[in-house]
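In our numbering, the protein residues as written are 102 to 773. The beta carbon of each residue, even a glycine, is placed where N, CA and C say it ideally should be. Here the structure is a predicted model, which is why all the values come from computation and not from measurement. Structure first, then comments.
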């Protein structure tokens, strides 16, 4: 078929606003669980159409096992994660609406959940594990807000839940935070991760192990004895994801080499050592940092505990390694996934694992993998219901690039991912370069993955280029790369975005029109967008900008943040109050001369509307061009279908008006 010739940005696309919202509001995978006794797979699914509740499903049959208003969710650390487990046919989960922990038989005739914790809205629970020697006792993380008037007064601890007596029994509360408590197979030991403020879990954590013994009643419980430090160091070394290979051997990851690599600890010899003979300069973890509880980047690959399958980040994509734990070798497995999340061991004696897999050209799926050195078999157990499927020839595939950007001691590499305009019906005009959206991820210690994203494809199928910038500070590229942002938020990220825009619009890449690059970001990415337009002398490298619920006042963020991130801004900015003022875009809004779109929710508590409105007032007062939309009933991120549609429509129409791309309104609303 002959292609039509049309200016970039004016191509007609099969991706309509309705298609985008079908995708954005479709059910999506949150976590995958395995009953370790019965080897049955379950998963947690987010359902925006049901007021955003999470439900637990039996994966093989696809049937719900929680119904009605039950919401499998927790708010521990603000980000949640690890809200449920299934053990020997019994599910234990945190209910999002009241924070209590409930249990029920997943195969029973009457599977109405029964509470096992008292009714207390000041308690939040997560990260459960069942005691192998007494299944009526669960270990978990408790976040206790009792009597707290400030984030520093919130208490995080390890505790025991007595299912039969519906009691909470404290275990350890000396650290600021805890995660990943796990009993050894014989129930005689417990391992966990802890860290203290001002650290975040990727800056510095410690793994500890202790002996477990019963306490005489009443009430009977468990106690920890002989605690031993396994690995990690506050502020310097991050260790994570401990699990038991046997009653004596603990497997975990450590970034002591500069990248998260596998390590193991022998309880008998009290020795920790790296698994790999030679460290691999890849992060054996997820691209994004572990803000949520319950993540696992590996699983045991055999019943003997001598092999494990790890995911790692290679050139911004997830890969799988079969790691021989006894010999220290790692073999790369076949696979075509851009993102791999929540790896769980299914049947180690059959070398089977399950995980959430996301490709660059297909919706997410729950995957069963049978892995050996001679070959791996990947089977889709469930695919996410992501609305209409975009034909493959319309999908713009990611092109990872490394560009050198100026630095005080020369140059240094910055990682970016480019998506070219892609539409089999169209070709651009001869000699024309496409307009480009430069997207800034949030976090800010986040990561732009290369899995399929329909918002990106909404632009690329219309003749736009799309550029994700994994700026200095992003996860997935090692500790040194992430540490570049320490004390430099609002500087290093902005410099990298400006340099990336210049790099892709000039030789040797010469991919996009240098006069038609727009910058956009949400939340922390919105902060970088506003900072780029308000504090850089060369901000006119961008023709327009869009901030979606972006942070503009760092002072207010510092005052209103929760306990988990109460030390985060100190790491990103420092302790000098004047620096908070200097880096806050709201105090430099008068310098913004680039046309700007600001989208904000009226119920946003993380970034209150007053920040956006202060920006708008100052820009207009000084003669700048700004468009502002406040969405009633929305918070920090869009939930409603009409908001998702309107926000995307406003964004592309704003760019088209600023750049002089005509026929915007009819093009977006009447595409086939």
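Mind reading off the beta-carbon distance from residue 365 to residue 376? Whole number of angstroms is fine, and I expect it under 8 Å. So it is a contact: roughly 6 Å between Cβ atoms.
Give me the Cα-Cα distance between residue 713 and residue 653, rounded to the nearest whole angstrom. Separation of residue 713 and residue 653 (C-alpha to C-alpha, rounded to the nearest whole angstrom) is 7 Å.
6 Å Cβ shell around residue 768 - same chain, five flanking residues per side excluded: Residue placement at residue 768 is flagged as unreliable, the pLDDT there being 45, under the threshold of 50; the coordinate-derived value follows with that caveat. If we look at residue 768 and ignore the five residues flanking it on each side, it has no Cβ neighbours.
Apply the 10 Å Cβ neighbour rule to residue 755 and answer buried if 16 or more other Cβ atoms are within range, or exposed otherwise. buried
On the criterion of 16 or more Cβ atoms from any shown chain inside 10 Å, does residue 541 qualify as buried, or is it exposed? By the 10 Å Cβ count, residue 541 comes out buried.
Note down the Cα distance separating residue 477 from residue 452, rounded to an integer number of angstroms. 10 Å
On a CA-only basis, which of 462, 288, 561 and 588 is nearest residue 234? Give me that one, please. 288
Can you name the residues that DSSP bridges to residue 196? 173
Kindly indicate which three-state DSSP category residue 664 falls into: helix, strand or coil? helix
Consult DSSP for residue 460 and reduce its assignment to one of helix, strand or coil. DSSP, read as helix, strand or coil, puts residue 460 in coil.
Following the continuous beta strand (DSSP E) through residue 480, name the residue where it begins and the one where it ends. 476-484
Min CB distance residue 180 to chain D below 8 Å: The chain labelled as chain D is not found in the depicted structure, where only one protein chain is given.
Take every Cβ of the region 639-648, pair it with every Cβ of the region 658-666, and state whether three or more of those distances are shorter than 8 Å. no
How many Å lie between residue 182 and residue 762 at the Cα? 43 Å
Could you check the C-alpha separation between residue 223 and residue 247 for me, to the nearest Å? Straight-line Cα distance between these residues: approximately 6 Å.
If contact is defined by three or more beta carbon pairs under 8 Å, each pair taking one atom from either stretch, is the region 272-289 in contact with the region 341-357? yes
To the nearest angstrom, report how far apart residue 445 and residue 134 are at their CA atoms. 7 Å
Does the pairing of the region 644-661 with the region 615-629 give three or more beta-carbon distances under 8 Å? yes
Where do the ends of the beta strand (DSSP E) carrying residue 268 lie? 268-273
If we call anything under 8 Å between Cβ atoms a contact, is residue 305 one with residue 330? No, they are not a contact pair.
Could you spell out the range, first to last residue, of the alpha helix (DSSP H) harbouring residue 446? First-last for residue 446: 440-448, but that is the beta strand (DSSP E), not the alpha helix (DSSP H).
Start and end of the beta strand (DSSP E) containing residue 678? Run containing residue 678: none in the beta strand (DSSP E); it sits in the alpha helix (DSSP H), 678-684.
As a quick exercise: from 458, 494 and 718, pick the residue whose alpha carbon is nearest that of residue 551. 458
Under a Cβ-count criterion, where at least 16 other Cβ atoms within 10 Å of its own Cβ denotes burial, should residue 168 be classed as buried or exposed? exposed
Just list the residues that DSSP pairs residue 567 with in beta bridges. 520 and 538
I'd like to know whether the C-beta atoms of residue 292 and residue 341 end up nearer to each other than 8 Å. Not a contact, by the Cβ cut-off of 8 Å.
Flag this pair as touching only if the region 546-561 and the region 119-128 have three or more C-beta atom pairs under 8 Å; answer yes or no. yes
In terms of residues, what are the limits of the alpha helix (DSSP H) holding residue 759? 742-760
Would you report the Cα separation of residue 677 and residue 658, rounded to the nearest angstrom? 15 Å
So, residue 207 versus residue 187, is the Cβ gap smaller than 8 Å? yes
DSSP three-state assignment for residue 132, whether helix, strand or coil: strand
Work out the CA separation of residue 431 and residue 353 for me, nearest whole Å. Distance between the alpha carbons of residue 353 and residue 431: 15 Å.
Under a Cβ-count criterion, where at least 16 other Cβ atoms within 10 Å of its own Cβ denotes burial, should residue 505 be classed as buried or exposed? exposed
Using the beta-carbon count (16 or more within 10 Å), is residue 144 buried or exposed? Buried is the call here.
Same chain, Cβ closer than 6 Å to residue 547, neighbours up to 5 away in sequence not counted: 389
Identify whether residue 643 lies in helix, strand or coil by the three-state DSSP scheme. coil
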